[in-house]
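Comments concern the structure below.
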Amino acid sequence: DTEVTQTPKHLVMGMTNKKSLKCEQHMGHRAMYWYKQKAKKPPELMFVYSYEKLSINESVPSRFSPECPNSSLLNLHLHALQPEDSALYLCASSQRLGTLLHFGNGTRLTVT
Amino acid sequence: AQTVTQSQPEMSVQEAETVTLSCTYDTSENNYYLFWYKQPPSRQMILVIRQEAYKQQNATENRFSVNFQKAAKSFSLKISDSQLGDTAMYFCAFMRTNFGNEKLTFGTGTRLTIIP
Chain W
913 DTEVTQTPKH
923 LVMGMTNKKS
933 LKCEQHMGHR
943 AMYWYKQKAK
953 KPPELMFVYS
963 YEKLSINESV
973 PSRFSPECPN
983 SSLLNLHLHA
993 LQPEDSALYL
1003 CASSQRLGTL
1013 LHFGNGTRLT
1023 VT
Chain L
198 AQTVTQSQPE
208 MSVQEAETVT
218 LSCTYDTSEN
228 NYYLFWYKQP
238 PSRQMILVIR
248 QEAYKQQNAT
258 ENRFSVNFQK
268 AAKSFSLKIS
278 DSQLGDTAMY
288 FCAFMRTNFG
298 NEKLTFGTGT
308 RLTIIP
């Protein structure tokens, strides 16, 4: 069982929809991450939060908007996505930056 | 920028045999971590084994062991007595430990199939 919980497991959305992905951990970790993974490719880093503050934004388009409301919760708000944004979105957490990452099971997103 | 190279896109081996997955990396750093992650069809990235660059001793976790050659920048994974549950995508990954640069960089992956 994963200690990083992502919801929903699957999401289908139209290009005009607004949706959110949710990630939760209760391990007391203070760094949280969003990765995007296309089929048969490695995960690509999108955002990093450290102590609830955005630490790294890998030049991600503004249609992806991260939010870290508290140390246990990380959201990814989605708006006006494109079909090429269809991918597996992985959340991870670590005790702090530079320590071992624990991954969730991911959300499979399909944009129609 | 750091790069991680996995030169074997796919491998297959008979159950109970031993298989070695290769990984090389490029960095000018002296302090870093190396990891092997496994991603089965369930999608979760599962840590298999990790190695701290300052440790000369190769890491071992049950049937999994690494051959870490720091000078050659090589970090291969050996799976002994392979099992059907080992079928998965395996990613080699690198992380610097310098403050502010702790990104986890993945290789392109090796798809391993264990044949019954």
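Line order of the protein sequences matches chains W and L.
With the working numbering as the guide, the letters of the first sequence map in order to residues 913 to 1024.
With the working numbering as the guide, the letters of the second sequence map in order to residues 198 to 313.
In this text, a Cβ means the ideal position worked out from N, Cα and C, and glycines have one as well.
Computed from a predicted structure; not experimentally measured.
Going along chain L in order, which residues have a C-beta closer than 8 Å to the C-beta of Leu957 of chain W? Under the 8 Å cutoff, chain L gives Lys300 and Leu301.
Buried or exposed: where does Gln241 of chain L fall if 16 or more other Cβ atoms within 10 Å of its Cβ makes it buried? It counts as buried.
Neighbour flag for Asn1017 of chain W against chain L, beta carbons, 8 Å: Put simply, the CB of Asn1017 of chain W is near chain L, with a gap under 8 Å to one of its CB atoms.
Whose C-alpha, out of W:Lys921, W:Pro920, W:Gly926 and W:Lys930, is nearest the C-alpha of Leu990 of chain W? Scanning W:Lys921, W:Pro920, W:Gly926 and W:Lys930 for the CA closest to the CA of Leu990 of chain W turns up W:Lys930.
May I ask you to list the residues that DSSP assigns as paired with Pro978 of chain W? For Pro978 of chain W, the beta-bridge partners assigned by DSSP are W:Leu988.
Nonlocal neighbours in the same chain, by C-beta distance under 7 Å from Thr200 of chain L, ignoring five residues either side: So the list reads Tyr222 and Asp223, once near-sequence residues are dropped.
Let me know the secondary structure DSSP gives Leu993 of chain W once reduced to three states. It is coil, neither helix nor strand.
With DSSP as the reference, label Leu281 of chain L as helix, strand or coil. Per DSSP, reduced to three states, the secondary structure at Leu281 of chain L is helical.
Other residues of its chain near Pro313 of chain L: CB distance less than 7 Å, five sequence neighbours each side excluded: Closer than 7 Å at the Cβ level, and outside the excluded window around Pro313 of chain L, lie Glu212 and Leu281.
Any beta carbon from chain L within less than 8 Å of Pro954 of chain W's own beta carbon? Yes, contact with chain L.
Relative to the C-alpha of Ala992 of chain W, which residue among W:Ser932, W:Glu979 and W:Leu1012 is closest? Selected option, being the one with the closest Cα: W:Ser932.
Who are the neighbours of Leu1000 of chain W on chain L, taking C-beta pairs under 8 Å? Taking the beta carbon of Leu1000 of chain W as reference, the chain L residues within 8 Å of it are Arg240, listed in sequence order.
If we cut at 8 Å on Cβ distances, does Arg247 of chain L have a partner in chain W? Yes, Arg247 of chain L counts as interfacial toward chain W.
Counting only C-beta atoms, is Leu231 of chain L closer than 8 Å to chain W at any point? The C-beta of Leu231 of chain L comes no closer than 8 Å to any C-beta of chain W.
On a Cα-Cα basis, can you pick out the residue from W:Val916, W:Gln994 and W:Tyr945 that is closest to Gly926 of chain W? For the residues W:Val916, W:Gln994 and W:Tyr945, the minimum Cα distance to Gly926 of chain W belongs to W:Gln994.
My output table needs one value for Thr217 of chain L: the three-state DSSP class, helix, strand or coil. Thr217 of chain L: strand per DSSP, three-state reduction.
Could you check which residue in L:Thr202, L:Tyr229 and L:Phe232 has the C-alpha nearest to that of Cys220 of chain L? Checked all of L:Thr202, L:Tyr229 and L:Phe232; the closest Cα to Cys220 of chain L is L:Thr202.
What residue range does the beta strand (DSSP E) around Arg247 of chain L cover? Run containing Arg247 of chain L: Ile243 to Glu249, per the beta strand (DSSP E) assignment.
Assign Lys252 of chain L to one of three DSSP states: helix, strand, or coil. Lys252 of chain L carries a coil assignment under DSSP once its states are collapsed to helix, strand and coil.
Amino acids of chain W, ordered along the chain, whose beta-carbon sits closer than 9 Å to that of Met208 of chain L: Chain order gives no chain W residues near Met208 of chain L, where near means a beta carbon separation below 9 Å; the closest approach is about 15 Å.
Between Phe288 of chain L and chain W, is there a C-beta pair that is closer than 8 Å? Closer than 8 Å to some Cβ of chain W, the Cβ of Phe288 of chain L qualifies, so yes.
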